[in-house]
Amino acid sequence: MSHVIEISNLNKTYDNDFKALKDINLSIKSGEIFALLGPNGAGKTTLISTVCGIVNPSSGTIRVNGHNVISDFRKAREIIGLVPQELTTDAFETVWNTVSFSRSLFGKPKNPKYIEEVLKNLSLWDKKDNKLMTLSGGMKRRVMIAKALSHEPMVLFLDEPTAGVDVELRKSMWEMVHKLRESGVTIILTTHYIEEAEEMSDRVGVITNGEIILTEETSTLMKKLGKKELKIDLRSTLEKIPEELLKYNLSLTNENQSLIYFYDTQEENNGVADLINDLNSSGLKCRDLNTRQSSLEEIFVELVNQ
Amino acid sequence: MINFRAILAIYNFEMARTFRTLGQSIASPVISTALYFVVFGSAIGSRIEDIDGISYGSFIVPGLIMLTVLTQSISNASFGIYFPRFTGTIYEILSAPISFVEILLGYVGAASTKALMVGIIILITSALFVDIQILHPFWMILFLFLTSFTFSLFGFIIGIWADGFEKLQLIPLLIVTPLAFLGGSFYSIKMLPPLWQKISFFNPVVYLISGFRWSFYGKADINVGISLMAISLILFLCITAVAVIFKTGYKLKA
Ligand SMILES: Nc1ncnc2c1ncn2[C@@H]1O[C@H](COP(=O)(O)OP(=O)(O)OP(=O)(O)O)[C@@H](O)[C@H]1O
Ligand SMILES: [Mg+2]
């Protein structure tokens, strides 16, 4: 597979001397769905904005389908569609006009048939003559997607496509993303949620503090990240972990009143059942059991420390 | 390669905005012109003697048109580019395959078209109140075009520079309106005491109005060639400023 986007040694320092991107190297394969995963302020929007021409890079190069985004900006931007994170729409425009406007901005001749198809796919056809201010938030987001698709882009950027979107729309958004991919569009999306990255993407890049700390096939990453924590609250305090439980790699916390066990949910034999059995036979009494998925922050910490 | 469709799309978008607010865009200049004529033309004007052999009511027409075209150009263009920056919809224009010059042509083109339209409406309204002569129609149109384009460019620069609605109003309010009022719309520079005559020559609007009035009645405070040079100089300064903005990507892109 060839690379449709190639970013090398990209740095962005904002006017206030804040370094938002640090030496980013990233290649996106043609036809894949790539998820940029990272906490607030990681630099996801900045990264997308530099590729799309909204933010000037401080150094480094970006190529889209082989075209440099600065020196050959027309060819590069022509094939990109962008759905930004913020909902920004011209309140007084109708759905039809605003989507047609986007198409003309990209220099494409009018094609009402195609716009009709886009609006129908996004369930916006019956709203085509409505002014944008009369639409709900979720509908506005779909209008922004329609605008991004209006010029038949090869690459689509979705900056937090599911923020503020209900469960049903979220599902249909996921479906839409997969349908687009089938039609050959490369998709780059950002998200805070591991589940979303898992559901939607083929590959994940984790970004934090302006650095890409890892890129990995989604399935591989899920194995690494599928860790859960089992917390066992005991009735009495323990001096130390009993001999027969040492093989479980437990740790003592909570003033020696609790045991923590990490296990992998993806694994067939994760040891939880055995551990409970051995607890019983060692004569320890438990008061309560808790399991917890590692949070995104913990995962980041873990990844950074690796 | 030029993205004509994009220029046209921006132009049409801006013009559509004008027509959506047709009442505001057209009624307000018509009403204010009519008021000027009631106050200055009929009430006060009847007691003011002719200037250069022109009745006072007719004398103020070119100045009124210039005043309106000038302020309309600035406000249309500055608002046109500032508003999408303010709402965030500018993202779309920045990420489209359009150059800065093309963006500028779309916005400035629409702003000057609208200003020209308003100028013509005022001309027609004035003709209902007083006698109007246009001795040099070609020059009249040239002056109108140059003024609307130049000051739309100026407005565009303000719209890019401003980072709040106050700043958007600041320059028009503090600089342009006083200069325009003191630019000889309502009097001939020759009527001023000598010192103020001298000071007036530093006011660029004086040259515009003088030249424009010449195209109507063939009488001018300043040689028409000098007027033309003055407006060309302002145009040149605006283009230079735009070129600097273009080079630095100033405030359109982070
Ligand atoms: N125009 C700007 N000037 C200065 N700093 C900025 C600017 N835009 C963004 N930043 C800073 O750059 C960092 C990255 O911001 P960015 O919007 O890229 O984060 P993000 O990963 O998209 O976050 P979120 O998940 O909240 O959308 C933040 O610390 C932000 O404050
Ligand atoms: Mg963001």
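The listed protein sequences derive, respectively, from chains A and B.
The first sequence maps to residues 649 to 954 in the working numbering.
The second sequence maps to residues 1066 to 1319 in the working numbering.
Ideal placement from N, C-alpha and C gives every residue a C-beta, glycine not left out.
Since we're looking at a predicted model, the values are computed, not measured.
Rounded C-alpha distance that separates residue i from residue j
| i | j | result |
| --- | --- | --- |
| residue 1318/B | residue 907/A | 53 Å |
| residue 882/A | residue 910/A | 17 Å |
| residue 1300/B | residue 764/A | 44 Å |
| residue 1188/B | residue 1113/B | 22 Å |
| residue 800/A | residue 757/A | 12 Å |
| residue 921/A | residue 723/A | 59 Å |
| residue 1285/B | residue 1228/B | 40 Å |
| residue 721/A | residue 705/A | 13 Å |
| residue 1289/B | residue 1081/B | 36 Å |
| residue 751/A | residue 1087/B | 26 Å |
| residue 1146/B | residue 746/A | 17 Å |
| residue 850/A | residue 674/A | 15 Å |
| residue 1049/B | residue 821/A | As shown, chain B starts at 1066 and ends at 1319. That puts residue 1049/B outside it, with no answer to give. |
| residue 668/A | residue 935/A | 47 Å |
| residue 695/A | residue 1219/B | 33 Å |
| residue 652/A | residue 709/A | 14 Å |
| residue 1190/B | residue 1211/B | 22 Å |
| residue 840/A | residue 807/A | 11 Å |
| residue 905/A | residue 924/A | 16 Å |
| residue 835/A | residue 717/A | 18 Å |
| residue 1297/B | residue 830/A | 57 Å |
| residue 656/A | residue 859/A | 13 Å |
| residue 1136/B | residue 1124/B | 20 Å |
| residue 730/A | residue 749/A | 15 Å |
| residue 1130/B | residue 1184/B | 5 Å |
| residue 1291/B | residue 1269/B | 11 Å |
| residue 1093/B | residue 1084/B | 14 Å |
| residue 862/A | residue 732/A | 24 Å |
Residue range of the unbroken beta strand (DSSP E) whose run includes residue i
| i | result |
| --- | --- |
| residue 805/A | 803-807 |
| residue 1230/B | It is not in any beta strand (DSSP E) - residue 1230/B instead sits in the alpha helix (DSSP H) that spans 1230-1236. |
| residue 604/A | Residue 604/A cannot be examined here, being either before or after the span of chain A that is shown, 649 to 954. |
| residue 710/A | 707-712 |
| residue 731/A | 728-731 |
Rounded distance between the beta-carbons of residue j and residue i, thought under 8 Å
| i | j | result |
| --- | --- | --- |
| residue 1257/B | residue 1276/B | About 18 Å separates the two Cβ atoms, so there is no contact after all. |
| residue 1158/B | residue 753/A | 7 Å |
| residue 1177/B | residue 1217/B | 4 Å |
| residue 1122/B | residue 1110/B | 5 Å |
| residue 930/A | residue 887/A | Incorrect: roughly 13 Å between the Cβ atoms, too far for contact. |
| residue 825/A | residue 727/A | With 8 Å as the limit, residue 825/A and residue 727/A do not qualify as a contact, their Cβ atoms being about 18 Å apart. |
| residue 852/A | residue 683/A | 5 Å |
| residue 693/A | residue 660/A | Incorrect: roughly 11 Å between the Cβ atoms, too far for contact. |
| residue 1126/B | residue 1195/B | 7 Å |
| residue 1226/B | residue 1312/B | About 15 Å separates the two Cβ atoms, so there is no contact after all. |
| residue 1307/B | residue 1222/B | 6 Å |
| residue 1156/B | residue 702/A | 6 Å |
| residue 736/A | residue 778/A | Contact flag wrong, Cβ pair sits at about 17 Å. |
Enclosing alpha helix (DSSP H) for residue i [first to last residue]
| i | result |
| --- | --- |
| residue 654/A | Residue 654/A -> not in any alpha helix (DSSP H); beta strand (DSSP E) instead, spanning 651-661. |
| residue 767/A | 760-769 |
| residue 795/A | 785-797 |
| residue 1174/B | 1165-1194 |
| residue 1122/B | 1121-1152 |
| residue 1306/B | 1289-1313 |
| residue 782/A | No alpha helix (DSSP H) contains residue 782/A, which DSSP labels as neither H nor E. |
| residue 925/A | 920-929 |
| residue 747/A | 743-753 |
| residue 1157/B | 1155-1159 |
4 or more residues per run - each alpha helix (DSSP H) lying fully within the stretch 1083-1118 of chain B:
Secondary structure in the stretch 1083-1118 of chain B: the alpha helix (DSSP H) runs of 4 residues or longer, each lying completely within the stretch, are 1093-1101 in chain order.
Starting from the N-terminal side, write out each stretch of the alpha helix (DSSP H) that is 4 residues or longer and does not extend beyond the stretch 823-908 of chain A.
Those alpha helix (DSSP H) runs which fall completely within the stretch 823-908 of chain A and span 4+ residues are 842-848 and 866-873.
Closer than 7 Å, Cβ to any Cβ of chain A: which residues of the stretch 1127-1158 of chain B, in chain order?
Shown in chain order are the members of the stretch 1127-1158 of chain B whose Cβ falls below 7 Å from a Cβ of chain A: 1152, 1153, 1154, 1156, 1157 and 1158.
Within the stretch 670-705 of chain A, note down every full beta strand (DSSP E) run reaching 3 residues or more, in order along the chain.
With a minimum length of 3 residues, the continuous beta strand (DSSP E) runs that stay inside the stretch 670-705 of chain A are 681-685.
Mind listing which residues of the stretch 700-718 of chain A have their C-beta closer than 8 Å to chain B's C-betas, in chain order?
Against chain B - using a Cβ distance shorter than 8 Å - the residues of the stretch 700-718 of chain A are 700, 701, 702, 703 and 704.
Curious, which full-length alpha helix (DSSP H) runs of at least 4 residues does the stretch 1197-1282 of chain B contain?
Those alpha helix (DSSP H) runs which fall completely within the stretch 1197-1282 of chain B and span 4+ residues are 1202-1226, 1230-1236, 1242-1246, 1259-1265 and 1269-1282.
Chain-ordered residues of the stretch 853-868 of chain A with a beta carbon less than 7 Å from chain B
Listed by position, the residues of the stretch 853-868 of chain A near chain B (Cβ gap below 7 Å) amount to none.
Using Cβ-Cβ distances below 8 Å, what residues of the stretch 790-824 of chain A are close to chain B?
The residues in question are 795.
If contact means a Cβ-Cβ distance below 7 Å, which residues of the stretch 1091-1105 of chain B contact chain A?
Interface annotation for the stretch 1091-1105 of chain B against chain A: empty, criterion Cβ-Cβ distance under 7 Å.
At a CB distance below 7 Å, what residues from the stretch 1157-1172 of chain B approach chain A? Give them in sequence order.
Identification of residues in the stretch 1157-1172 of chain B having a C-beta nearer than 7 Å to some C-beta of chain A yields 1157, 1158, 1159, 1160, 1161, 1162 and 1163, given in sequence order.
Give the residues from the stretch 1070-1083 of chain B that approach chain A closer than 9 Å (Cβ to any Cβ), ordered along the chain.
So the list reads 1070, 1071, 1073, 1074, 1075, 1077, 1078, 1081 and 1082, given in the order they occur along the chain.
By the 8 Å beta-carbon criterion, what residues does the stretch 827-856 of chain A contribute toward chain B?
Listed in sequence order: no entries.
Mind checking the stretch 682-700 of chain A against chain B and listing, in chain order, the residues whose C-beta falls within less than 7 Å of any C-beta there?
Cβ contacts with chain B: 700.
Which residues, in order along the stretch 727-738 of chain A, keep a beta-carbon less than 8 Å from a beta-carbon of chain B?
For the stretch 727-738 of chain A, the residues whose beta carbon sits under 8 Å from a beta carbon of chain B are, in order, 728, 730, 732, 734, 736, 737 and 738.
Tell me which residues of the stretch 750-767 of chain A have at least one Cβ-Cβ distance to chain B shorter than 8 Å, keeping chain order.
Close to chain B, meaning a Cβ-Cβ distance shorter than 8 Å, are the following residues of the stretch 750-767 of chain A: 750, 752, 753, 754, 755, 756 and 757.
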